[in-house]
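> Using mature numbering (1 follows the signal peptide of the UniProt record, and there is no 0), the letters of the sequence shown map in sequence onto residues -23 to -1, 1 to 125. All C-beta atoms in this analysis are idealised placements derived from N, C-alpha and C, irrespective of residue type, glycine included. These figures come from a predicted structure and were not determined experimentally.
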Amino acid sequence: MMCPRFILLVSLLSTICFLQTIAAPLPQRTRKTGKATATAQGAGTKTTSATDGSTVIDQQVVINGLNMRFKVSAPASELVGASGAAAGVGVNGTLGVNVLFHGDGGQSFFDFPNQGVRNGRMGVALLSPDPQRRWGGHDPTDRTGLVR
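Structure follows, in structure tokens:
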């Protein structure tokens, strides 16, 4: 029988893999925003505390050549050991997932408004790998923000 934590991790990584296909950057790149440096700063794993006292894991992984940065906020007892948190491998988890896909620019990723545990769900946020911080890429000729 598979462990719920393993299933959660596989689900999260599957979601990230899926998102990289819709967030693949377009070839035209002329400028970088202030948030573009955040991906480089996100390398490695950072562990901090959420507003409710739970643990926040801020980590970056490379999937198909794209830097995917994410945050997970949950009690340390619910997180798997490779993150540096306290949970043991093979222990059944009890939480669902509340995933945030930030708007254009990525500010809500950094604000992380869904951090902590609410209604039995841990907070998760994903940062677009696009330098403009737009899911689906950026079209410099589009002034409406509707073309992706």
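With a CB to CB cut of under 7 angstroms and the five nearest residues on each side skipped, what residues in its chain are close to G80?
Excluding residues within five positions, none has a Cβ falling inside 7 angstroms.
> Could you give the C-beta distance for F89 and K48, rounded to a whole number, given that I count them as a contact under 8 angstroms?
Rounded, the Cβ-Cβ distance is 6 angstroms, consistent with contact.
> Across which residues does DSSP place D35 in a beta bridge pair?
DSSP lists K23, K48 as partners of D35.
> Tell me V101's beta-bridge partners as DSSP assigns them.
DSSP lists V49, V76 as partners of V101.
> Quick check: what's the CA-CA separation for L72 versus T118?
If I take the Cα positions, the gap works out to 43 angstroms.
> In terms of DSSP beta bridges, what is V94 paired with?
In the DSSP output, where bridge partners are listed per residue, V94 has M99.
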